[in-house]
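Student: Just dropping this structure here.
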Amino acid sequence: MKALIALVASLTCLPALSQNELKFLVTFTERVQEAPARGRLTVYLIKEGDGLDRADPANAPFFSKPQPMFSIDATGLKPGEVAELNDDNCVFFPVLPSELPEGRYRAQAVLDQMNEASSWSYEAGNLYSSSRDAVFEITERGVIAPVHLTLDSKTAETEHREGDGLTFIKVKSELLSEFRGRAVYFRAGVVEPIDMEPGRKYPVVYQVPGFGGTESGAYRVYDRRQKADPDSELGRLARNAYWVVLNPEGPNGHHLFANSANNGPVGAALVEELIPTIDTSFSTIQKSTARLLRGHSSGGWSTLWLGITYPDTFGGVWSTAPDPVDFSSFQAVDIYNDANMYRYEDTGQVVWNTSYSDAEGNKGMTILDENRMEEVIGPDNTSGQQWDSWLAVFGPVSRTGAPADLYDAMTGEIDSRVVKQFERYDISKKLETDRTTLGPLMKERIRLVVGDMDNYDLDEAVVKLKSQLDALTFAEPEGGFAGYIEIVPGADHGSVFRSPIVRDFPRQMLQMLEENGHVSPANQEGDE
Numbered sequence: 040m041k042a043l044i045a046l047v048a049s050l051t052c053l054p055a056l057s058q059n060e061l062k063f064l065v066t067f068t069e070r071v072q073e074a075p076a077r078g079r080l081t082v083y084l085i086k087e088g089d090g091l092d093r094a095d096p097a098n099a100p101f102f103s104k105p106q107p108m109f110s111i112d113a114t115g116l117k118p119g120e121v122a123e124l125n126d127d128n129c130v131f132f133p134v135l136p137s138e139l140p141e142g143r144y145r146a147q148a149v150l151d152q153m154n155e156a157s158s159w160s161y162e163a164g165n166l167y168s169s170s171r172d173a174v175f176e177i178t179e180r181g182v183i184a185p186v187h188l189t190l191d192s193k194t195a196e197t198e199h200r201e202g203d204g205l206t207f208i209k210v211k212s213e214l215l216s217e218f219r220g221r222a223v224y225f226r227a228g229v230v231e232p233i234d235m236e237p238g239r240k241y242p243v244v245y246q247v248p249g250f251g252g253t254e255s256g257a258y259r260v261y262d263r264r265q266k267a268d269p270d271s272e273l274g275r276l277a278r279n280a281y282w283v284v285l286n287p288e289g290p291n292g293h294h295l296f297a298n299s300a301n302n303g304p305v306g307a308a309l310v311e312e313l314i315p316t317i318d319t320s321f322s323t324i325q326k327s328t329a330r331l332l333r334g335h336s337s338g339g340w341s342t343l344w345l346g347i348t349y350p351d352t353f354g355g356v357w358s359t360a361p362d363p364v365d366f367s368s369f370q371a372v373d374i375y376n377d378a379n380m381y382r383y384e385d386t387g388q389v390v391w392n393t394s395y396s397d398a399e400g401n402k403g404m405t406i407l408d409e410n411r412m413e414e415v416i417g418p419d420n421t422s423g424q425q426w427d428s429w430l431a432v433f434g435p436v437s438r439t440g441a442p443a444d445l446y447d448a449m450t451g452e453i454d455s456r457v458v459k460q461f462e463r464y465d466i467s468k469k470l471e472t473d474r475t476t477l478g479p480l481m482k483e484r485i486r487l488v489v490g491d492m493d494n495y496d497l498d499e500a501v502v503k504l505k506s507q508l509d510a511l512t513f514a515e516p517e518g519g520f521a522g523y524i525e526i527v528p529g530a531d532h533g534s535v536f537r538s539p540i541v542r543d544f545p546r547q548m549l550q551m552l553e554e555n556g557h558v559s560p561a562n563q564e565g566d567e
């Protein structure tokens, strides 16, 4: 998005104003890495008293209470050499180092050398410092000495702990490898049905995690299924279906399993490569009615997209709080008619669009805040964070090879030419232009739930999609359409999980599988 802060920094990073100006000195030793470093060096801070005492600074961004961060390009840094971050060379949020308010801070440095996922901690080969050792204080006199940080640790390849009925798979994608010009792999966690019956084939629930989620979510699924009452709906589903947790991560963050100019044919690769591999490696029923989709947030959007794009591969969809499904409510912004992504005027006053509000409605970061933090983490739309990931999925490739700007990084002015590219991924627009096909499909297969207090304003887009779908009438099957869109009063992005209708998802999944002959009714189990 953003030729942003690189430009802001060049205009605003002035020469040192005093000998006490804050600077960060970062180094690493040959013990951690012998070769010269390459990548983005970021120093993250947490200010004491901001309610984040248990968090590591490098877990940023913190949506409810954004914290300072600074970065430079550290490519070519050798062991023992010192990289300095100061007012003159840093990309910063929210202010220059010399402009930080008084207080005590914890600092943590990360050198992201891989840029393969939304989080540096997911990638093997990144360097980072301790999160607890570097504490400094800014007083009315400034700081006494530079803050020294040593990159003394290196991230390792994730090693999954498998168990009885829990398997992690890694499958090379030829389609994505050809697109990126190097080997690319799908990863997934496969939770097998409890007490599998020899010779029996089972349906599969495919889960797409939300932003920041990976195949490691299979651990939680496994534990829940193991602890479920065998006579409960969840317990029955655990005995009668596989549950596969997919990894949606790529160099641009969450790729939403949508084919795109920046991420390549990720949807096609899932359908043509990973799922056939799972079908041949496990005892699955190879029919669309036996493949269900479940997702929340970015995973919720992914499952909706997969459900309407590949109806011959997937059957029912259970989605909660999806990313924007109508781009006239792209969070708080109508990208088709609003002039600016960051702000608007109300009775002559400038109002900054909020990106996150907590459960009590208290406003956290603005869209501008979030974009500025992303620019620190990865300039030119390369952070892999939420907004940059949307640019990568929905938009074209820029002249630099990175995702193109939907809006001017500095001013927030929306580019109508890029909006036209986004339009192809607007689910409401797709329904509007193909009502005859998508209308009955969505009414029958889509179960979509969102809270009307969603922290990211994602409910507004769902309300518009619901209104459009409800207005369409078609010949109904016997018993009516099974799908629905439900807006839960008082629920937010997280508490929607506790709503009765979402708790009822396992029963609904079982019902669909029973109706299609893939699972026996409860009173007939054991008679097969």
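Take 40 as the starting number for the sequence shown in our numbering and just add one per residue. A virtual CB, placed ideally from N, CA and C, is assigned to each residue, including glycine. Source: prediction; values computed, not measured.
Alpha carbon to alpha carbon, what distance is there between alanine 173 and arginine 79?
Tutor: As a working mapping, residue 79 is identified with position 40 in the sequence shown. As a working mapping, residue 173 is identified with position 134 in the sequence shown. For arginine 79 and alanine 173, the distance between alpha carbons rounds to 20 angstroms.
Student: Considering Cα atoms alone, identify which of Tyr381, Asn98, Ile85, Ala122 is closest to proline 106.
Tutor: For the purposes of this step, residue 106 is identified with residue 67 of the sequence shown, where counting begins at 1. A quick correction: the sequence has glutamine, not proline, at residue 106. Checked all of Tyr381, Asn98, Ile85, Ala122; the closest Cα to glutamine 106 is Ile85.
Student: Using the rule of at least 16 other Cβ atoms within 10 Å of the residue's Cβ for burial, across every protein chain shown, is alanine 163 buried or exposed?
Tutor: The count along the sequence shown starts at 1 and reaches residue 163 at position 124. Looking at its Cβ environment, which holds fewer than 16 other Cβ atoms inside 10 Å, alanine 163 is exposed.
Student: Apart from the five residues just before and just after proline 363, which ones in its own chain have a Cβ nearer than 6 angstroms to its Cβ?
Tutor: Along the sequence shown, one-based indexing puts residue 363 at 324. Excluding sequence neighbours, proline 363 sits near Phe369, Ala500.
Student: Give me, in chain order, the residues of the same chain whose beta-carbon lies closer than 8 angstroms to that of alanine 378; leave out the 5 immediate sequence neighbours on both sides.
Tutor: Residue numbering aside, residue 378 sits at position 339 when the sequence shown is read from its first letter. Counting only Cβ-Cβ distances below 8 angstroms, and skipping sequence neighbours, we find Glu452, Ile453.
Student: Please report the residue range of the alpha helix (DSSP H) in which methionine 548 lies.
Tutor: Taking the first residue of the sequence shown as position 1, residue 548 is located at position 509. Here the alpha helix (DSSP H) through methionine 548 covers 544-554.
Student: Is the separation between the beta-carbon of proline 185 and that of lysine 266 shorter than 7 angstroms?
Tutor: Here residue 185 refers to the residue found at position 146 when the sequence shown is read from its first residue. Here residue 266 refers to the residue found at position 227 when the sequence shown is read from its first residue. Not closer than 7 angstroms, so no.
Student: Hey, could you find the ends of the beta strand (DSSP E) tryptophan 391 is sitting in?
Tutor: Residue mapping note: residue 391 aligns to position 352 of the sequence shown, counting from 1. Per DSSP, tryptophan 391 belongs to the beta strand (DSSP E) from 388-391.
Student: Please report the residue range of the beta strand (DSSP E) in which serine 422 lies.
Tutor: Looking up residue 422 in the sequence shown gives position 383. Here serine 422 belongs to no beta strand (DSSP E), and DSSP marks it neither H nor E.
Student: Excluding the five sequence neighbours on either side, which residues of its own chain have a C-beta within less than 8 angstroms of the C-beta of leucine 214, listed in chain order?
Tutor: Position 175 of the sequence shown, counted from the start, is the residue given in the question as residue 214. Apart from the 5 residues on each side of it in sequence, leucine 214 sits with its Cβ closer than 8 angstroms to the Cβ of Gly303, Pro304, Ala307, Ala308, Glu311, Glu312 in its chain, given in chain order.
Student: Expressed to the nearest angstrom, what Euclidean distance is found between the alpha-carbon atoms of isoleucine 524 and arginine 456?
Tutor: Along the sequence shown, one-based indexing puts residue 524 at 485. Along the sequence shown, one-based indexing puts residue 456 at 417. Isoleucine 524 and arginine 456: Cα-Cα distance of roughly 32 angstroms.
Student: Measure from the alpha carbon of alanine 122 to the alpha carbon of each residue in Val229, His187, Thr178, Glu201, then state which is nearest.
Tutor: Taking the sequence shown and counting its residues from 1, the one referred to as residue 122 is at position 83. Out of Val229, His187, Thr178, Glu201, His187 has the C-alpha closest to the C-alpha of alanine 122.
Student: Please state whether the Cβ-Cβ distance between arginine 77 and threonine 114 is less than 7 angstroms.
Tutor: Residue mapping note: residue 77 aligns to position 38 of the sequence shown, counting from 1. Residue mapping note: residue 114 aligns to position 75 of the sequence shown, counting from 1. Cβ distance < 7 angstroms, so arginine 77 and threonine 114 count as in contact.
Student: Which stretch, first to last residue, makes up the alpha helix (DSSP H) that contains threonine 189?
Tutor: On the sequence shown, residue 189 is found 150 positions in, with the first residue counted as 1. From DSSP, threonine 189 is part of no alpha helix (DSSP H) but of the beta strand (DSSP E) over 186-189.
Student: In three-state terms, what does DSSP make of glutamine 28?
Tutor: Because the chain here runs from 40 to 567, residue 28 falls outside it and cannot be looked at.
Student: May I ask you to report which of helix, strand or coil DSSP gives methionine 412?
Tutor: Taking the first residue of the sequence shown as position 1, residue 412 is located at position 373. Helix at methionine 412.
Student: Which residue from Thr316, Leu549, Ala97 puts its Cα closest to that of leucine 332?
Tutor: Locating residue 332 in the sequence shown gives position 293, counting from the first residue. Measuring from the Cα of leucine 332, the nearest candidate turns out to be Leu549.
Student: Does the beta-carbon of serine 609 have 16 or more other beta-carbons within 10 angstroms, so that it is buried, or is it exposed?
Tutor: Past the edges of the chain, shown from 40 to 567, lies residue 609, and the structure says nothing about it.
Student: For glutamate 217 and asparagine 301, I'd like the C-alpha separation in whole angstroms.
Tutor: Along the sequence shown, read from residue 1 onward, the residue named residue 217 stands at position 178. Along the sequence shown, read from residue 1 onward, the residue named residue 301 stands at position 262. One C-alpha to the other measures close to 13 angstroms.
Student: By Cβ distance below 7 angstroms, which residues in the same chain neighbour valine 389 in space, the five residues on each side in sequence not counted?
Tutor: Indexing the sequence shown from 1 puts residue 389 at position 350. Hits under 7 angstroms: Arg382.
Student: Use the C-beta contact count for lysine 482: other C-beta atoms within 10 angstroms, 16 or more gives buried, fewer gives exposed.
Tutor: In the sequence shown, the residue the question calls residue 482 occupies position 443. So lysine 482 ends up on the buried side.
Student: List the DSSP bridge partners of alanine 146.
Tutor: Counting from one through the sequence shown, the residue named residue 146 turns up at place 107. Answer is Leu84.
Student: Are the segment 146-166 and the segment 88-98 touching, with three or more C-beta to C-beta distances below 8 angstroms?
Tutor: yes
Student: Considering only residues of the same chain and omitting the five flanking positions on each side of valine 535, which have a CB-CB separation below 7 angstroms?
Tutor: The residue given as residue 535 occupies position 496 in the sequence shown. For valine 535, where only same-chain residues beyond five positions count, the Cβ hits under 7 angstroms are Thr359, Ala360, Val488, Val489, Gly490, Val527, Val541.
Student: For alanine 510, does the count of other Cβ atoms within 10 angstroms reach 16, so buried, or fall short, so exposed?
Tutor: Mapped onto the sequence shown, residue 510 falls at position 471. The residue is exposed, with fewer than 16 neighbouring Cβ atoms inside 10 Å.
Student: Go ahead and pull the three-state DSSP assignment for isoleucine 111.
Tutor: Position 72 of the sequence shown holds residue 111. Secondary structure at isoleucine 111: strand, using DSSP grouped into helix, strand and coil.
Student: Tell me whether proline 560 is buried or exposed, calling it buried when 16 or more other Cβ atoms sit within 10 Å of its Cβ.
Tutor: In the sequence shown, the residue the question calls residue 560 occupies position 521. Exposed, because fewer than 16 other Cβ atoms sit within 10 Å of the Cβ of proline 560.
Student: Using C-beta distances below 8 angstroms, list every residue in its chain close to arginine 474, excluding the 5 sequence neighbours before and after it, in chain order.
Tutor: In the sequence shown, counting from the first residue as 1, residue 474 sits at position 435. In the same chain as arginine 474, and ignoring 5 residues on each side of it, the C-beta atoms closer than 8 angstroms to its own belong to Leu511, in chain order.
Student: Is DSSP giving alanine 222 helix, strand or coil here?
Tutor: The residue labelled residue 222 in the question sits at position 183 within the sequence shown. Looking at alanine 222 - three-state DSSP - the assignment turns out to be coil, as it is neither helix nor strand.
Student: What's the C-alpha gap between asparagine 494 and lysine 469?
Tutor: Stepping through the sequence shown from its first residue, residue 494 is reached at position 455. Stepping through the sequence shown from its first residue, residue 469 is reached at position 430. Going from the Cα of asparagine 494 to the Cα of lysine 469 covers about 26 angstroms.
Student: Kindly indicate the opening and closing residues of the beta strand (DSSP E) around isoleucine 317.
Tutor: Here residue 317 corresponds to residue number 278 of the sequence shown, with the count starting at 1. It is not in any beta strand (DSSP E) - isoleucine 317 instead sits in the alpha helix (DSSP H) that spans 314-320.
Student: Return helix, strand or coil for threonine 475, following the three-state DSSP convention.
Tutor: For the purposes of this step, residue 475 is taken as residue 436 along the sequence shown, with counting starting at 1. In the three-state DSSP reduction, threonine 475 falls in the helix class (H, G or I).
Student: Would you call alanine 222 buried or exposed, if buried means 16 or more other Cβ atoms sit within 10 Å of its Cβ?
Tutor: Residue mapping note: residue 222 aligns to position 183 of the sequence shown, counting from 1. Exposed is the call here.
Student: Quick check: the Cα distance between phenylalanine 433 and methionine 412, rounded to an integer number of angstroms?
Tutor: Residue numbering aside, residue 433 sits at position 394 when the sequence shown is read from its first letter. Residue numbering aside, residue 412 sits at position 373 when the sequence shown is read from its first letter. Roughly 21 angstroms separates the two Cα atoms.
Student: Check whether the segment 319-331 touches the segment 348-356, taking contact to mean three or more Cβ pairs, one atom from each stretch, closer than 8 angstroms.
Tutor: yes
Student: Just checking my contact of serine 110 with isoleucine 416 at CB under 8 angstroms: how many whole Å lie between their CB atoms?
Tutor: The residue labelled residue 110 in the question sits at position 71 within the sequence shown. The residue labelled residue 416 in the question sits at position 377 within the sequence shown. So it is a contact: roughly 7 angstroms between Cβ atoms.
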